[in-house]
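Line by line, the protein sequences are chains A, B, C and D. Counting along the first sequence from 1, when you hit position 11 you're at 11 in the numbering used here, and nothing is skipped either side. Basically the numbering used here = 1-based index in the second sequence + 1000. Basically the numbering used here = 1-based index in the third sequence + 2000. Basically the numbering used here = 1-based index in the fourth sequence + 3000. From the three backbone atoms N, C-alpha and C, an ideal C-beta is built for every residue, glycine too. Since the structure is predicted, the reported quantities are computational estimates derived from the model, not experimental observations. These notes are about the structure you will find just below.
4 protein chains.
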Amino acid sequence: MIERENKKNSRTVQKEARPKEILSAALNVFESNGFAGTRLEEVAKFAGISKGTIYLYFDNKDELFKACVRETVGKPIAKTLESAINFEGSTEKLLHELAEKIGDTFSDPEYRSIFFLIVSEGKRFPKLVKFYFDEVITPSVSRLSNIIQRGVDRGDIKSSISEEDALLLLSPVIFINVWNRLFGNEKKINLKDTLHSHIDIWLDGMRPENK
Amino acid sequence: MIERENKKNSRTVQKEARPKEILSAALNVFESNGFAGTRLEEVAKFAGISKGTIYLYFDNKDELFKACVRETVGKPIAKTLESAINFEGSTEKLLHELAEKIGDTFSDPEYRSIFFLIVSEGKRFPKLVKFYFDEVITPSVSRLSNIIQRGVDRGDIKSSISEEDALLLLSPVIFINVWNRLFGNEKKINLKDTLHSHIDIWLDGMRPENK
Amino acid sequence: MIERENKKNSRTVQKEARPKEILSAALNVFESNGFAGTRLEEVAKFAGISKGTIYLYFDNKDELFKACVRETVGKPIAKTLESAINFEGSTEKLLHELAEKIGDTFSDPEYRSIFFLIVSEGKRFPKLVKFYFDEVITPSVSRLSNIIQRGVDRGDIKSSISEEDALLLLSPVIFINVWNRLFGNEKKINLKDTLHSHIDIWLDGMRPENK
Amino acid sequence: MIERENKKNSRTVQKEARPKEILSAALNVFESNGFAGTRLEEVAKFAGISKGTIYLYFDNKDELFKACVRETVGKPIAKTLESAINFEGSTEKLLHELAEKIGDTFSDPEYRSIFFLIVSEGKRFPKLVKFYFDEVITPSVSRLSNIIQRGVDRGDIKSSISEEDALLLLSPVIFINVWNRLFGNEKKINLKDTLHSHIDIWLDGMRPENK
DNA sequence: AATGAATGAGGATTCATTCAT
DNA sequence: GATGAATGAATCCTCATTCAT
């Protein structure tokens, strides 16, 4: 009885867990079938609940989809931002650290799913794209810019670098994810390894003495 | 009477043009709404015909979609292959030439549409993905490999290069297309310029004296 | 040139033959697929013409169907009526002659088709049923009644016979046709032989001394 | 609480009754309009439900049709089989008993509907025809044959009887049903009375002394 | 007269959403 | 809160009918 005040009974636990279970199931099915191709019945089956229950937690299919993205994207955002603090060591070290972070993020299948959903369904949900841009892309790019600016200041990177050149440092992340999704069966590319290798080449090519 | 043999009446001309008109409209709508989200009525409206007419030329929605991809992908395939012949000049020159070709290909909105449809709907049409891989990706990669191998042989590129490193030379193509599709409103990246710049950096980073 | 006046050129012949060709094809397809299940395109294919041509000769699907029935039913009607004249010989002889006539009529697949179309689609075309009843059934029954009445008068048939008993003399015609259509694959029944046998049994059972 | 185990709530009751309601409505409409001519919306209206509900219980129109036949045919099959046991009394008595049973069966409008659906749509559903032949026709014929063979053995029926002659004993059943369906408005024939009369005539005609 | 491309109303089927239990 | 039966709007697809050639 005393415990009751501090503990949530299983019903309550279940109740609070429901939305996350649904979102997880929904993400899964949305990713496989796209927005329009997803039947809520299948989402329900995946979540082990009935169709009607989804509507206790989400207004409709659209809202469910948006919630999927917002919810799943939250984690990596937090991770990105929190790690944005330490600025010690060489440019090389910082970039490889960043590569590790990004690699970790994309090693999460849920995050990959979100990424592809935004690519696939972005036209139907422009607000989500804006949200993603503001909350995920902009901070990440900003952080990358900081590292690079610091590299220029330290003399690690040539000063003629453009904003686009900096962005391209991360282009393998997109490329490899798209590649693996489509052609992973034929030939799978390792994201982290290849990204580290790419950074090395890029840094070599970016040395100030290269014009 | 003589003309009769060489002339097609307007009915025939119309009929022969129909499939292409329909495919063009379909590509447009599929690209905006995805496969499942596309209503054939809208395709018909776009093509300026009626619903039923689509079925005079295509068995069903699936076949229409496949035809879209196959038809549109044909052109770049041809372009890729035809240009595969000349091998003169420096590695740098060849790579920049390749960049131009790719840039031209992706400057065609139809081709970009196909690319995104394959990314978005690949799971539903694995055969199309395989087709795209075999007909578009493999020849392109093969051609890139030839240039790079030749570069290694000529001493332009360091010999420790991996297959993945070579592939990444093209990663900006994917990255920029995805970026522009999603965030083109916020900040548009120029494909050709950026790709050329990237190639220069990459070549500098790949010089044999860099380790 | 002289011949021209007496002869119809092939175009004209073809033109006059068209309606019959179409009706024959239509009957075939209607019989296989029923009214609603028949596509006019298939009728056209069967007739070796194009869909549109049907509409040069028939207003619409309904009229085509009715024409099928009326046209095909005409022949047996004529046959029935013309043969209704001779009344010589024993009742037995007359009945067996009638059996032969009916057997001949139903040996024509077109006539069987009509019969089944009327059974199957009668509810949709009550006027056709009425037409069939008036033009085919009533005269036939009337003729049968005449024979039987004459048989009663001659003392060949007992006088207690009812109208229904008389009708039943022909019940094997329907039974055997239905049977063969449905179960002909399993076991086919010969219409004429069995009908003759049935008449003999019936006549024996109908002798005045049987009560 | 105790009641709970024995009671079904109204929802459950409704759900369990649905298939039969739908089948009954469907049989009705199929019988009126044939398979192709039936709109599922009309079936739904007849059943007092909505279009979609049909699909909760039947996969598609074809399956609904088959279920109609199988379900409705079940009863008479059972009746036929159960009554196949008693073999006492004269041949005459047995045949008149059989006539009663058959008359009862066909007095059920649902059974008549099935019969006509099989005649009308048999070509489209050959498996149903086979099913009907095996489950309904064969047992009935077999039973009739037993009675007649016994009649021959007892000296009630002449031994020269053929299998077809025996079958014809039931030809009025088909004839009268077809007649009444088509021409019932003009002149309705009573199945049982006429069948009994027919049996008497047939038996008289079949006496051994008749040749 | 003949064609067959085009139309669009009509019907089968699906599935997001509601709501009685 | 949870269920899942029921709904009906939405969408694919067919085919009778029209009409320009």
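For the alpha helix (DSSP H) that residue i lies in, which residues bound it at each end?
i, result
"G3151 of chain D", "T3138 to R3154"
"N3177 of chain D", "S3171 to F3183"
"P1984 of chain C", "What is shown of chain C runs 2001 to 2211, which leaves residue 1984 of chain C out entirely."
"F2131 of chain C", "P2126 to Y2132"
"D3059 of chain D", "No alpha helix (DSSP H) holds D3059 of chain D; DSSP gives it neither H nor E."
"K192 of chain A", "L191 to M206"
"F2046 of chain C", "L2040 to A2047"
"A1036 of chain B", "No alpha helix (DSSP H) holds A1036 of chain B; DSSP gives it neither H nor E."
"E2135 of chain C", "It is not in any alpha helix (DSSP H) - E2135 of chain C carries neither H nor E in the DSSP assignment."
"E2163 of chain C", "E2163 to L2168"
Using the Cα positions of residue i and residue j, report the straight-line distance between them to the nearest angstrom.
i, j, result
"G1155 of chain B", "I1147 of chain B", "12 Å"
"A1166 of chain B", "D104 of chain A", "24 Å"
"F2175 of chain C", "T2194 of chain C", "11 Å"
"C3068 of chain D", "F3115 of chain D", "11 Å"
"K3008 of chain D", "A3047 of chain D", "Confidence at K3008 of chain D is low in this model, with a pLDDT of 48, below 50, so the placement of that residue is unreliable and no value is reported for it."
"E1209 of chain B", "S1159 of chain B", "10 Å"
"F2036 of chain C", "K2061 of chain C", "Note on residue identity: the sequence assigns Ala, not Phe, to residue 2036 of chain C. Cα-Cα distance, rounded: 9 Å."
"G1034 of chain B", "S90 of chain A", "45 Å"
"R1070 of chain B", "N177 of chain A", "24 Å"
"A1017 of chain B", "A1078 of chain B", "22 Å"
"I1049 of chain B", "L1023 of chain B", "12 Å"
"E2097 of chain C", "K2075 of chain C", "18 Å"
"I137 of chain A", "A25 of chain A", "26 Å"
"T2012 of chain C", "V2129 of chain C", "Interpretation of T2012 of chain C is limited by its pLDDT of 49, a score under 50 that renders its predicted location unreliable; the figure taken from the coordinates is listed afterwards. One C-alpha to the other measures close to 34 Å."
"K51 of chain A", "P1126 of chain B", "29 Å"
"S2145 of chain C", "E3063 of chain D", "46 Å"
"P1139 of chain B", "F1131 of chain B", "12 Å"
"M3001 of chain D", "Y3055 of chain D", "With a pLDDT of 38 at M3001 of chain D, under the threshold of 50, the modelled position of that residue is not reliable, and the figure given next carries that caveat. For M3001 of chain D and Y3055 of chain D, the distance between alpha carbons rounds to 34 Å."
"Y111 of chain A", "F87 of chain A", "26 Å"
"K3093 of chain D", "I2157 of chain C", "25 Å"
"N3190 of chain D", "D3059 of chain D", "40 Å"
"K1015 of chain B", "L2027 of chain C", "33 Å"
"E2164 of chain C", "V2141 of chain C", "11 Å"
So, using beta-carbon positions, are residue i and residue j closer together than 8 Å?
i, j, result
"E1135 of chain B", "V1073 of chain B", "yes"
"S3171 of chain D", "S2171 of chain C", "yes"
"I199 of chain A", "L169 of chain A", "yes"
"Y2057 of chain C", "P2019 of chain C", "yes"
"S1197 of chain B", "S113 of chain A", "no"
"F1065 of chain B", "E186 of chain A", "no"
"E2100 of chain C", "K2188 of chain C", "no"
"L2117 of chain C", "E2041 of chain C", "no"
"T2038 of chain C", "A2044 of chain C", "no"
"V2173 of chain C", "I2102 of chain C", "yes"
Run through chain A and tell me which residues come within less than 7 Å of residue i, C-beta to C-beta.
i, result
"T1194 of chain B", "E164 and L168"
"I1201 of chain B", "D165, W202, G205 and M206"
Can you name the residues of chain C whose CB is closer than 9 Å to the CB of residue i?
i, result
"L3182 of chain D", "I2118, V2119, G2122, V2129, Y2132, F2133 and I2137"
"S3197 of chain D", "S2162, E2164, D2165 and L2168"
Closer than 7 Å by beta-carbon distance: list the chain D residues that pair up with residue i, in chain order.
i, result
"P2172 of chain C", "L3168 and S3171"
For a contact defined as C-beta to C-beta under 8 Å, what are the partners of residue i on chain D?
i, result
"I2189 of chain C", "E3164 and L3167"
"A2044 of chain C", "In chain order: nothing, as chain D lies at least about 18 Å away."
Name, please, each residue of chain B whose Cβ falls closer than 8 Å to the Cβ of residue i.
i, result
"V178 of chain A", "V1119, I1174 and V1178"
Given that residue i touches chain C, what residues does it touch there, using C-beta distances under 7 Å?
i, result
"H3096 of chain D", "Simply none; closest approach about 15 Å."
"E3186 of chain D", "F2133"
Name the chain B residues that come within less than 9 Å of residue i, Cβ to Cβ?
i, result
"F125 of chain A", "By Cβ distance, chain B contributes nothing, its closest Cβ being about 11 Å from F125 of chain A, past 9 Å."
At a CB-CB cut-off below 9 Å, which residues of chain A make contact with residue i?
i, result
"G1034 of chain B", "G34, F35, A36, G37, S120, E121, K123 and R124"
**Message:** Using a Cβ distance threshold of 8 Å, determine whether the stretch 115-133 of chain A contacts the stretch 1171-1184 of chain B, with at least three qualifying pairs required.
**Reply:** Segments in contact, yes.
**Request:** Evaluate the contact criterion for the stretch 2201-2211 of chain C versus the stretch 2149-2164 of chain C: three or more CB pairs, one atom per stretch, below 8 Å.
**Result:** yes
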